[in-house]
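Worksheet: the structure to be examined is printed underneath.
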Amino acid sequence: MASPPPSPDVGRIARDIRAGDRTVLSRAITLIESKRADHRRAAAALTQELLQSTGKAVRVGITGVPGVGKSTTIDALGSMLTREGHKIAVLAVDPSSRRTGGSILADKTRMARLAADMNAFIRPSPASGTLGGVAAKTRETMLLCEAAGYDVILVETVGVGQSEIAVADMTDFFLALMLPGAGDELQGLKKGIVELADMIAINKADGDNIARAKAAAAEYRAALHILTPRSPNWVPPVVTYSALTGDGIADLWRHVLNHRDKLTASGELAARRGEQRVKWMWSMLEERLFAPLRSDRALKAALPRIEADVADGRLAPNAAVELIADMLGR
Ligand SMILES: Nc1nc2c(ncn2[C@@H]2O[C@H](COP(=O)(O)OP(=O)(O)OP(=O)(O)O)[C@@H](O)[C@H]2O)c(=O)[nH]1
Ligand SMILES: [Mg+2]
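For the sequence shown, the numbering used here assigns the number 1071 to the initial residue and increments by one for each residue that follows.
What follows is the structure, encoded as structure tokens:
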């Protein structure tokens, strides 16, 4: 990965990004991902400089358990969209850093068409860290991609932990991919993914799987009936498709655009994005304020003991806070 220049010329980088220079875009993302304080300041200046050129893309979050077919779907959908003249950026939020070394390559082979497509830009998840940190980098990366003219942003996440919420919070449309064969598979319901979803799409509806996929769709439709929809202006559709054959891929996109039209007309899209931006600011500030807790060696060493003392009732919680604050203030 290219390393960022020691003292970046923000104005020039912004110009080159607006002109669609992929090499500069990649390098700017590396700058955004850097933990150095001077890089962080330059990254903030760059985002500010580019702000007016951002926000025009359709932002879609995609989730699903490993093996559901996220990469295959993104390859099929993305290739269809570049053929229609769109520019696609594929980003990821994966705080577990599952995607190191070999699996980035494996992913590129699953997205073979997009990986070779000049109108597609694929960037793996920022390296592991706190979910808040990783998500923040992906959000900033999304803005840079928009400024570079990518008008569809696909943000992938694996179906683990809180990362779905983070991705739903940075996108306009949240797509939950499911496997055929319902019953126990309604596990998405328990984890709250179904409640976040703007659409549920059952993949692998091909060959022998078609009937099972349809049965799963019926179960999810029934399940959705008892949930309060995320938006008053949108009833999440449940569809079946096949990323492998391409059957139903165009339909997925039709639903995304339909959702966009409805939420734009009602003003909900603009309101949602405004709320997301403010939430983003607070979560980054929280990250920043918590950083000393993670980096102060003495404190890190003392925290387990302090926690245990609080748990056992030996140390009052407020006394513990005073202790920690004193250690931070040193
Ligand atoms: N039959 C069938 N197989 C599919 C379909 N989509 C994906 N697969 C297969 O399912 C497997 C997993 O697909 P991926 O696209 O790598 O799944 P993923 O969700 O990206 O998986 P992770 O990256 O590990 O989280 C591969 O062997 C695909 O060929 C489909 O529509 N039909
Ligand atoms: Mg994948």
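Quick reminder that beta carbons are idealized off the backbone N, C-alpha and C, glycines included.
Strand pairing of G1134, partner residues [DSSP]: Position 64 of the sequence shown, counting from 1, holds the residue named residue 1134. Answer by DSSP bridge pairing, in chain order: V1228.
Whole-angstrom distance between I1132 and A1313, CA atom to CA atom: For the purposes of this step, residue 1313 is taken as the residue at position 243 of the sequence shown. For the purposes of this step, residue 1132 is taken as the residue at position 62 of the sequence shown. If I take the Cα positions, the gap works out to 14 Å.
Distance, L1095 Cα to C1215 Cα: To locate residue 1215, count along the sequence shown from 1; it is residue 145. To locate residue 1095, count along the sequence shown from 1; it is residue 25. Distance between the alpha carbons of C1215 and L1095 is about 7 Å.
Residue of E1265, H1329, V1308 and D1278 minimising C-alpha distance to T1298: Within the sequence shown, numbered from 1, the residue matching residue 1298 stands at position 228. Of the listed residues, the one whose Cα sits closest to T1298 is E1265.
C-beta contact flag for I1144 and L1151 at 7 Å: Position 74 of the sequence shown, counted from the start, is the residue given in the question as residue 1144. Position 81 of the sequence shown, counted from the start, is the residue given in the question as residue 1151. No. Outside cutoff.
Any non-hydrogen atom of ligand 1 closer than 6 Å to V1264 Cβ: In the sequence shown, residue 1264 corresponds to position 194, counting from 1. Not so, every heavy atom of ligand 1 lies at least 6 Å from the Cβ.
Buried or exposed by the 16-neighbour rule on C-beta atoms within 10 Å, applied to M1188: Working through the sequence shown from its first residue, we reach residue 1188 at position 118. Exposed, because fewer than 16 other Cβ atoms sit within 10 Å of the Cβ of M1188.
CA nearest to the CA of L1333, picked from P1302, M1351 and A1378: Within the sequence shown, the letter at position 263 stands for residue 1333. Nearest of P1302, M1351 and A1378 to L1333, Cα basis: P1302.
N- and C-terminal bounds of the beta strand (DSSP E) containing M1404: No answer is possible for residue 1404: it lies beyond the span of the chain, which begins at 1071 and ends at 1400.
Near ligand 2: A1312 beta-carbon under 6 Å from a heavy atom: Numbered from 1 along the sequence shown, position 242 holds the residue referred to as residue 1312. Note on residue identity: the sequence assigns Ser, not Ala, to residue 1312. Checking the Cβ of S1312 against ligand 2 gives no.
Proximity winner among I1192, G1202, A1182 and D1164, relative to V1228 (alpha-carbon distances): The residue given as residue 1228 occupies position 158 in the sequence shown. Comparing Cα positions, the closest option is D1164.
Straight-line Cα distance separating F1360 from D1317: Taking the first residue of the sequence shown as 1, we reach residue 1317 at position 247. Taking the first residue of the sequence shown as 1, we reach residue 1360 at position 290. Each residue's alpha carbon lies about 47 Å from the other.
First through last residue of the alpha helix (DSSP H) which encompasses A1246: Locating residue 1246 in the sequence shown gives position 176, where the first residue counts as 1. That residue, A1246, is in no alpha helix (DSSP H); its beta strand (DSSP E) goes F1243 to M1248.
Simplified DSSP assignment, three categories, for L1363: As a working note, residue 1363 is residue 293 in the sequence shown. Reduced to three states, the DSSP call for L1363 is helix.
Residues that V1264 bridges to, as DSSP identifies them: Position 194 of the sequence shown, counted from the first residue, corresponds to residue 1264. The partner list for V1264 (beta bridge, DSSP) is empty, contrary to what the question assumes.
Under the three-state DSSP convention, the category A1368 falls into: As a working note, residue 1368 is residue 298 in the sequence shown. DSSP places A1368 in helix when its eight states are reduced to three.
Per-residue DSSP class, three states only, for G1171: Within the sequence shown, residue 1171 is the residue found at index 101, counting from 1. Interpretation of G1171 is limited by its pLDDT of 45, a score under 50 that renders its predicted location unreliable; no figure is taken from the coordinates.
beta-carbon K1207 near ligand 2 non-hydrogen atom, thresh 6 Å: Mapped onto the sequence shown, residue 1207 falls at position 137. Result no, Cβ not under 6 Å from ligand 2.
Distance, D1079 Cα to R1110 Cα: Here residue 1110 is taken as the residue at index 40 of the sequence shown, counted from 1. Here residue 1079 is taken as the residue at index 9 of the sequence shown, counted from 1. One C-alpha to the other measures close to 14 Å.
Simplified DSSP state of A1217, which is helix, strand or coil: Taking the sequence shown and counting its residues from 1, the one referred to as residue 1217 is at position 147. Of the three classes helix, strand and coil, the one that applies to A1217 here is helix, per DSSP.
Given 8 Å, three or more beta-carbon pairs between the segment 1273-1293 and the segment 1237-1253: yes
Nearest-angstrom Cβ-Cβ length linking I1272 and E1234, presumed shorter than 8 Å: Counting from one through the sequence shown, the residue named residue 1272 turns up at place 202. Counting from one through the sequence shown, the residue named residue 1234 turns up at place 164. That pair is no contact at about 18 Å.
Burial state of R1384 (16 or more Cβ within 10 Å): The residue given as residue 1384 occupies position 314 in the sequence shown. It counts as exposed.
Cβ pair D1221, A1127 closer than 7 Å: Counting from one through the sequence shown, the residue named residue 1221 turns up at place 151. Counting from one through the sequence shown, the residue named residue 1127 turns up at place 57. It is a contact, given that the beta carbons lie within the stated cut-off.
Integer-rounded CB distance, given that A1098 should sit under 8 Å from I1083: As a first step, residue 1083 must be located in the sequence shown, where it is residue number 13. As a first step, residue 1098 must be located in the sequence shown, where it is residue number 28. Yes, I1083 and A1098 are in contact; Cβ-Cβ is about 5 Å, under 8 Å.
Close-in-space but distant-in-sequence residues of the same chain around V1326 (CB under 7 Å, 5 per side omitted): As a position in the sequence shown, residue 1326 is number 256, starting the count at 1. So the qualifying residues of the chain are V1128, V1130 and F1243.
For R1153, the nearest candidate out of L1294, A1320, G1344 and D1086 (CA to CA): Locating residue 1153 in the sequence shown gives position 83, counting from the first residue. The shortest C-alpha separation from R1153 is found at A1320.
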